[in-house]
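Following this note's numbering, the numbering of the sequence shown begins with 109 at its first residue and continues without gaps.
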Amino acid sequence: MAIPETMTAAVLYGPNDLRLQQVPVPRPGPEEVLLKVHACAICGTDPKVISAEWPYPLRYGEFTPGHEYAGEIVAVGNNAGSWKAGDRVAVEAHKGCGRCVNCMRGQYTSCLNYGKPETGHRHYGFTTNGGYAQYVVNHINTLYEVPDNLPYWGAALATTAGCAMFAIENVGGFMAGETVAVLGPGPMGLMALQIVKALGASRVFLTGTRQERLAIGKKYGADVIIDVTKEDPVAVVRRETGGLGANLVIEVTGDPIAAAQSIEMAAKGGRISFIGDPLKPALMNIKKFVLDDMRAAGVRGEGRANCARAMELFRIGKLSAEGIVSHRFPLRDIHKALDLYINRRDGAIKVVLEPQA
Ligand SMILES: [Zn+2]
Ligand SMILES: [Zn+2]
């Protein structure tokens, strides 16, 4: 496969200074592969990285963001296992150092050597170059085979689905027949909804404000849709569960009010998973949390190879990106794509860049 010397990549020069330019195509080292990026989704974290709200230092002038991508392997480095040119893969953003205590326990998204590439740690699109480019190098630990029935623009949602799956695993899961509330009908919420339905939730509540997103949730099987501009979600969940509350609450919005409501609507002995990354601290009723014997988990990434199981759910048709990916743009239109995504123009939900288009 012919690999060019240079490629187009979006390079961050400073806060909100993202420039498209020609840069050398990177070469894979040991245990790495070179990917031809076919699709890279814009994540809610990306505007934070680009505008310097992300609380870690970035390598301005050489750094390429983008962490939700999928593509084709075009070259492999030494010791790359069975991966070969032509394989279709999706990636996860985190690669732990593999030697700190957290990595040893499988908690590589909480690697204690975060941001230290010399230890082997990588966070693609954050501390390591990512997928807003035509080519990118990834460690083999971050690769997941894409099933034949999944196009690249859907496979770019591997981490969106993987995060939703980890949100369920990390809090201790739930039993088939239990009730689940998903707060926020964004891409991650719509993935979480499909997953809990696949796992046998008896009743799923979906909260939100945007009608077009709630309508997609309805299509994906949400049993009770709650428009929070019209109804109090805590009251509705309590009423519809006979006063018991939801057994599992998945908080995706990052809104401090929704975060506080998650405790109020959870059942005794309930579980709450926080995926939304709040811009402000939330005031929460910890007294209720304690007295009702609740459990909570924070989820900062896909974790514990959940992307592998997500790919399997896509393969058997239990997960779909249909309707969640609302727009696709070539990489040259990245500024337009970011503007549309950030300002939620034109019903934007998940916006995907296609660097080969
Ligand atoms: Zn993301
Ligand atoms: Zn580590």
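Think of the CB as a built atom: it goes at the ideal place given N, C-alpha and C, for glycine as much as any other residue. Everything numeric in this text was worked out from a predicted model, so none of it was measured.
Helix, strand or coil at residue i [DSSP, three-state]
i, result
"serine 218", "helix"
"isoleucine 457", "coil"
"proline 438", "strand"
"glutamine 130", "strand"
"methionine 115", "strand"
"isoleucine 450", "helix"
"glycine 378", "strand"
"glutamate 200", "coil"
"phenylalanine 527", "Missing from the structure shown is residue 527; the chain here goes from 109 to 465 and no further."
"glycine 406", "strand"
"glycine 179", "strand"
"arginine 311", "strand"
"glycine 316", "strand"
"histidine 231", "strand"
"threonine 236", "strand"
"leucine 322", "helix"
Closer than 7 Å: residue i CB and nearest ligand 1 heavy atom
i, result
"histidine 202", "no"
"cysteine 151", "yes"
"threonine 267", "yes"
"glutamate 161", "no"
"glutamate 176", "yes"
N-terminal and C-terminal residue of the beta strand (DSSP E) that residue i is part of
i, result
"aspartate 335", "332–335"
"valine 245", "243–247"
"valine 145", "140–149"
"leucine 356", "354–359"
"leucine 466", "With the chain covering 109 to 465 only, the question about residue 466 has no answer from this structure."
"alanine 289", "287–291"
Boundaries of the alpha helix (DSSP H) in which residue i is found, first to last residue
i, result
"asparagine 414", "414–423"
"asparagine 278", "266–278"
"lysine 305", "295–306"
"asparagine 124", "Careful: asparagine 124 lies outside any alpha helix (DSSP H) and carries neither H nor E."
"alanine 465", "It is not in any alpha helix (DSSP H) - alanine 465 carries neither H nor E in the DSSP assignment."
"alanine 160", "No alpha helix (DSSP H) contains alanine 160, which DSSP labels as neither H nor E."
"alanine 263", "260–263"
"methionine 373", "364–373"
"threonine 348", "The amino acid at residue 348 is misidentified as threonine; the sequence shows glutamate. First-last of the alpha helix (DSSP H) with glutamate 348: 341–348."
"cysteine 211", "209–212"
Any non-hydrogen atom of ligand 2 closer than 7 Å to residue i Cβ
i, result
"glycine 206", "yes"
"tyrosine 243", "no"
"histidine 229", "yes"
"cysteine 211", "yes"
"tyrosine 216", "yes"
"asparagine 221", "yes"
Nearest-angstrom beta carbon gap, residue j and residue i [assumed within contact, 8 Å]
i, j, result
"alanine 445", "alanine 264", "With 8 Å as the limit, alanine 445 and alanine 264 do not qualify as a contact, their Cβ atoms being about 13 Å apart."
"valine 332", "glutamate 348", "6 Å"
"alanine 198", "valine 184", "Alanine 198 to valine 184, Cβ: 17 Å. No contact."
"isoleucine 248", "isoleucine 276", "Rounded, the Cβ-Cβ distance is 26 Å, inconsistent with contact."
"glycine 377", "glutamate 359", "The pair is not a contact, with the Cβ atoms about 18 Å apart (cut-off 8 Å)."
"leucine 307", "alanine 330", "The pair is not a contact, with the Cβ atoms about 14 Å apart (cut-off 8 Å)."
"asparagine 257", "arginine 423", "7 Å"
"leucine 251", "tryptophan 162", "Leucine 251 to tryptophan 162, Cβ: 24 Å. No contact."
"methionine 299", "alanine 269", "5 Å"
"alanine 456", "serine 434", "5 Å"
Test: residue i CB closer than 8 Å to a CB of chain B
i, result
"aspartate 335", "Here there is only one protein chain, and chain B is not present."
Below 8 Å, how does it come out for the stretch 276–291 and the stretch 424–431: are there three or more Cβ pairs, yes or no? no
Do the stretch 390–400 and the stretch 196–205 make contact, defined as three or more Cβ pairs closer than 8 Å? no
If contact is defined by three or more beta carbon pairs under 8 Å, each pair taking one atom from either stretch, is the stretch 135–146 in contact with the stretch 174–192? yes
Does the contact criterion of 3 or more C-beta pairs under 8 Å hold for the stretch 233–251 versus the stretch 311–324? no
Quick one: any contact between the stretch 372–381 and the stretch 353–362, if contact means 3 or more CB pairs under 8 Å? yes
Are the stretch 387–396 and the stretch 411–420 in contact at 8 Å, needing three or more beta carbon pairs? no
Touch check for the stretch 111–120 and the stretch 212–232: three-plus C-beta pairs under 8 Å? no
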